[in-house]
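Undergrad: Take a look at this one; I'll ask things after.
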Ligand SMILES: [Mg+2]
Ligand SMILES: [Zn+2]
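Next up, the structure:
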């Protein structure tokens, strides 16, 4: 395995800046890695043919003496939820197969302007509906730690690409945990910024009031550097916050938890969580405590209702957001046998173009909004949202950040929960409250669960607009843990090149 | 289509009490659309653009695109709300109205639902017969227009029988204010005229605010008319029908009248009215049944999560209130005095819905008398013949130009009428038409004298009479000369010259 | 309230313009009943005194200037992704229903 692909984005950026490595070399190394292992991982839906051109352009600009940012020339993988010129954008759905948008999402534009090199588009649950990436219309992504297991979802492709060293860094999106839960099961880092911190313009909407685009990486510093690139006010997104942001990278570099008050959410520290998940969580807290943090127990009684509220608000908004997929202006068109009216063509297209989970949620959301049910369902869910916010407000009156395990279990087996939507929905129990309240959250590796040797994440949550606190505590904990492990957690991941050979021999791929 | 049975209007009114409700959609003439920075085709600067040229990802509902509210559209809406005597909501919100239709790019319309920007107003409306009504306004809310469908194939160009349809999204996202009245009771036989006068008043208001081009024939102003009947003496409203998109002032009056007669015939025959939308047919002057109200009308409204509440400050509202133009009723009283019209002359202007046109024509330099004459005379005549509104045929600037040409002696009244026909046919400005059609009065005396001498020579008996002092005999010569000049001569000048040459 | 009938699901599918098969309707009827039973829990705490929250981060009066922007598309760009067009407009098959 080339050393270039094992570098963090920050390290690679430094080597690019010093001229030790060219962007073309770095990009080629990652394209080679994708060619070698993606048959087994299936993190990518599309590999960017123009990547090497973009890389050589950056090399040329650097050679010309242009002042470039810290991530210039660093390759990046982009979740297929973000629209991109020059690359198909499908949101994991058959209904958008082959669609090449006429514009770039704002985070994509910012990444390009920062000189980063898009490697391609990563796999995801269809329209970001799922926690396992098994709901992709283009087949599941496999967890690099165990190819028989899920990489989390909906952003399993971005997390797996980073964990499998196919990309140093990636963009994701998080509506109920789609960045943080994949980070948890793949031993990577993922951040959901404050709602409105990163523009949603060009992010194919699942649930408008919950969606947030954010970074996916192997180190906390890398997420911070990417966060600094993509954050900021965008006049094209009305919900974009106009406040200036402090440097997240600075927060990591100055990480220090002495005197930091960390609240442990009592309701998310229960028997409902796998033993190994809880033990790694508590070890991490002890480590922080030994280094000067104060650990306090807090109670958030209304979090109990968060999952229920989420599974009303998200499908309701999704049912409306997905109405635009109607075969008229873009995407798939299916005409019933013998022709049909436009109404019939729309219905046939949506029947053929949407997968079962999308249909389930669209019907659910249509129901929650329909006449006579609005108050009981959508209206009540919006009230729970108020209560969850009040829980956060009360908690943050006493502590600087909250800590929870990111998800109840380590990566489960592909197919294991596919027929049990309710069990699947419970994966997001710890991540959903942040989306309902708009507050930022990070998941970073806490170790491997002793019982199955699979990665476990720890989640921190901060008040809205206080994303920098997550990078402070995350950066500090990461340094302590890496020190204890003697290197990054991903050093303990299996060597995929042998996996890949084995898989090919057995005809699994 | 089977023609519906109608009851005589007077009889219908004897037996039933009509209640009407009017929904007027006003397209704002902002530079850009309601939620997208695409050019707005309801602004004359972008009128007539090629299909699908005035669009951004937002207008097409492309995946990932997001709406952003046009601040000017909000100001215009507040001004309109104030002019309608409405309260302005301290906090109003947008909502999604969900339904599938190919002209609706996102398959939901961003509108306002339970929190409109303006509510609880009233408008004073004056009828032809001098009666004055106060029309209660329930609400005025902001929303976006849909795209335009063209139905191809089949014989009618209508939706029925078409083989396929073409969609142009230029109009998608044009800012609209929808003004909804409360049920209007007590108009009786005046209900049709009141409907027309109300829309005419709304048109006056938006024109005086300068927030819409307000051309009905272009769809800048669209009216849906709700009509129901109840037996005389009854309190409870009857079942209503909603006649959609009636696109001229006179059609509004006719459509309401027709619905009253149609519903009366059904009710009198023991039938019941179906709650449905109905379509107005300009050609036959009838309405036909459309979509019945059903549970497919479940629009699943919910607060638009991509947009935030609009909370105008008291200062902004005060500023816009201070800038409001005179209310139409007060303005009428003032203009009537300034113009020196008789009651009859002024009524003529008002009833023709031409107050703004006349005022603007006067502002453009014409005398009030000339402005009134052209608008209520020739233009109204042509408009009636074409079943449209006079305002759609010419602009005030064009009429003022025409009046100036008459004053300058370039045109006679007769020539001016021909020029107006050209203007109405879209041939250009009056001066351009005079030029192109060669219509100017021949003011070259040499040409006139030659024609006069010819005429006198061919009518020696007339010449003799003139020389005898029988000056009225000159009429025959003048007629011959005017004919020879194809009317392009000033008759007074011809007369002068005839007398001069005859004495010669 | 979580009693959902197959007819209701068929009606919802019609509102959502998805031509579900009978089999899908049967399957979804069962699943929807279970899911609704689980999410109905929100009503336990959603009392009248609690105001709803529709935006997690409360902002207001976010508006843009009335100026033509730089995101205007060419007709070619607009039509590029369409299943069918005639070079100027999008083509759809015959329309049964009327506009709203
Ligand atoms: Mg209406
Ligand atoms: Zn409307």
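Residue numbers (UniProt numbering), protein chains in the order written: chain A, 1 to 509; chain B, 1 to 504; chain C, 1 to 100. Cβ atoms here follow ideal geometry from the backbone N, Cα and C, with glycine treated the same way.
Tell me whether residue 507 of chain A is buried or exposed, calling it buried when 16 or more other Cβ atoms sit within 10 Å of its Cβ.
TA: The predicted position of residue 507 of chain A is uncertain, since its pLDDT is 39 and thus under 50; a value taken from the coordinates is nonetheless stated next. Burial call: exposed.
Undergrad: Give me, in chain order, the residues of the same chain whose beta-carbon lies closer than 7 Å to that of residue 1 of chain B; leave out the 5 immediate sequence neighbours on both sides.
TA: Interpretation of residue 1 of chain B is limited by its pLDDT of 47, a score under 50 that renders its predicted location unreliable; the figure taken from the coordinates is listed afterwards. Cβ within range, chain order: 288.
Undergrad: Can you give the Cα-Cα distance for residue 58 of chain A and residue 112 of chain A, rounded to whole angstroms?
TA: Going from the Cα of residue 58 of chain A to the Cα of residue 112 of chain A covers about 10 Å.
Undergrad: Residue 19 of chain B bridges to which residues according to DSSP?
TA: DSSP lists B:228 as partners of residue 19 of chain B.
Undergrad: Using three-state DSSP, classify residue 30 of chain A as helix, strand or coil.
TA: Note: residue 30 of chain A maps to helix in three-state DSSP.
Undergrad: Please report whether the beta-carbon of residue 18 of chain C lies at a distance below 8 Å from any beta-carbon of chain D.
TA: Among the protein chains in the structure shown, which are A, B and C, there is no chain D.
Undergrad: Once the 5 residues before and after residue 415 of chain B are set aside, which same chain residues still bring their CB inside 7 Å of it?
TA: Excluding positions up to five away in sequence, the list reads 439, 441, 487, 488.
Undergrad: Tell me the residue span of the beta strand (DSSP E) that contains residue 278 of chain B.
TA: 276 to 281 is the extent of the beta strand (DSSP E) around residue 278 of chain B.
Undergrad: So, with DSSP's three-state summary, where would you put residue 87 of chain A?
TA: Coil at residue 87 of chain A, not helix or strand.
Undergrad: For residue 490 of chain B and residue 330 of chain B, what's the separation of their Cα atoms in angstroms?
TA: Their Cα atoms are separated by approximately 41 Å.
Undergrad: Let me check understanding here. Comparing Cα to Cα, which of B:167, B:56, B:211 lies closest to residue 91 of chain C?
TA: Among B:167, B:56, B:211, the Cα nearest to that of residue 91 of chain C is on B:167.
Undergrad: According to DSSP, what are the bridge partners of residue 475 of chain A?
TA: Beta-bridge pairing links residue 475 of chain A to no other residue.
Undergrad: Suppose only complete runs of 3+ residues qualify. What are the beta strand (DSSP E) ranges in the stretch 173 to 236 of chain B, listed by chain order?
TA: The stretch 173 to 236 of chain B contains these whole beta strand (DSSP E) runs: 175 to 181, 221 to 231.
Undergrad: Is it the case that the CB of residue 25 of chain B approaches a heavy atom of ligand 2 more closely than 7 Å?
TA: Yes; taking the cut-off as 7 Å, the Cβ of residue 25 of chain B has a heavy atom of ligand 2 nearer than that.
Undergrad: Chain A beta carbons: is any one of them nearer than 8 Å to that of residue 310 of chain B?
TA: Closer than 8 Å: no.
Undergrad: Tell me, please, which residues DSSP counts as bridged to residue 459 of chain A.
TA: In DSSP, residue 459 of chain A forms a bridge with A:404, A:443.
Undergrad: Could you check whether residue 471 of chain B and residue 452 of chain B sit closer than 8 Å to each other, using their CB atoms as the reference points?
TA: Contact: no.
Undergrad: What is the DSSP secondary structure of residue 484 of chain B, counted as helix, strand or coil?
TA: Helix at residue 484 of chain B.
Undergrad: Do you know offhand how far residue 314 of chain B's Cα is from residue 140 of chain B's?
TA: Rounded to the nearest angstrom, the two C-alpha atoms are 19 Å apart.
Undergrad: Does any residue of chain C bring its CB to less than 8 Å from the CB of residue 464 of chain A?
TA: It does; some Cβ of chain C falls within 8 Å.
Undergrad: So the candidates are A:189, A:136, A:376; which of them puts its Cα closest to the Cα of residue 93 of chain A?
TA: Per the Cα distances, A:136.
Undergrad: Would you report the Cα separation of residue 504 of chain A and residue 165 of chain A, rounded to the nearest angstrom?
TA: Reliability fails at residue 504 of chain A, whose pLDDT of 43 lies under 50, so the model's placement of it is uncertain and no value is given.
Undergrad: Is there a C-beta anywhere in chain A that falls below 8 Å from the one on residue 1 of chain C?
TA: Because residue 1 of chain C carries a pLDDT of 48, less than 50, the predicted location of this residue cannot be relied on, and the following value inherits that uncertainty. By this cut-off, residue 1 of chain C is an interface position.
Undergrad: Report the neighbours of residue 162 of chain B on chain C: residues whose CB is nearer than 8 Å to its CB, in chain order.
TA: The answer, in chain order, is 94, 95.
Undergrad: Could you compute how far the alpha carbon of residue 225 of chain A sits from the alpha carbon of residue 115 of chain A?
TA: The alpha-carbon atoms of residue 225 of chain A and residue 115 of chain A are separated by roughly 13 Å.
Undergrad: Please state whether DSSP places residue 303 of chain B in a helix, a strand or coil.
TA: DSSP places residue 303 of chain B in strand when its eight states are reduced to three.
Undergrad: Buried or exposed: which applies to residue 5 of chain C, given that a residue is buried once 16 or more other Cβ atoms fall within 10 Å of its Cβ?
TA: The residue is exposed, with fewer than 16 neighbouring Cβ atoms inside 10 Å.
Undergrad: Restricting to runs no shorter than 4 residues, where is the alpha helix (DSSP H) found entirely within the stretch 181 to 252 of chain A?
TA: Listed in chain order, they are 220 to 230.
Undergrad: Quick one: give me the first and last residue of the alpha helix (DSSP H) that residue 113 of chain A is part of.
TA: Its alpha helix (DSSP H) spans residues 106 to 113.
Undergrad: Have a look at residue 80 of chain B and residue 205 of chain B and give me their C-alpha separation to the nearest angstrom.
TA: Between residue 80 of chain B and residue 205 of chain B, the C-alpha separation is close to 8 Å.
Undergrad: Sorted by chain position, which residues of the same chain lie with C-beta nearer than 7 Å to residue 266 of chain B's C-beta, five sequence neighbours on each side aside?
TA: Only 273 meet the Cβ criterion.
Undergrad: With distances taken from CA atoms, which of B:49, B:37, B:85, B:250 is nearest residue 325 of chain B?
TA: Of the listed residues, the one whose Cα sits closest to residue 325 of chain B is B:85.
Undergrad: What alpha helix (DSSP H) runs, 4 residues minimum, are completely inside the UniProt domain "Asn/Gln amidotransferase" (357 to 502) of chain B?
TA: List check, alpha helix (DSSP H) in window: 368 to 374, 380 to 385, 396 to 407, 413 to 424, 430 to 437, 445 to 458, 460 to 467, 474 to 484.
Undergrad: Residue 550 of chain B lies in the beta strand (DSSP E); which residues open and close that run?
TA: Nothing about residue 550 of chain B can be reported from this structure: the residues present for chain B run from 1 to 504 only.
Undergrad: Decide if residue 483 of chain B is buried, meaning its Cβ has at least 16 other Cβ atoms within 10 Å, or exposed.
TA: That one is exposed.
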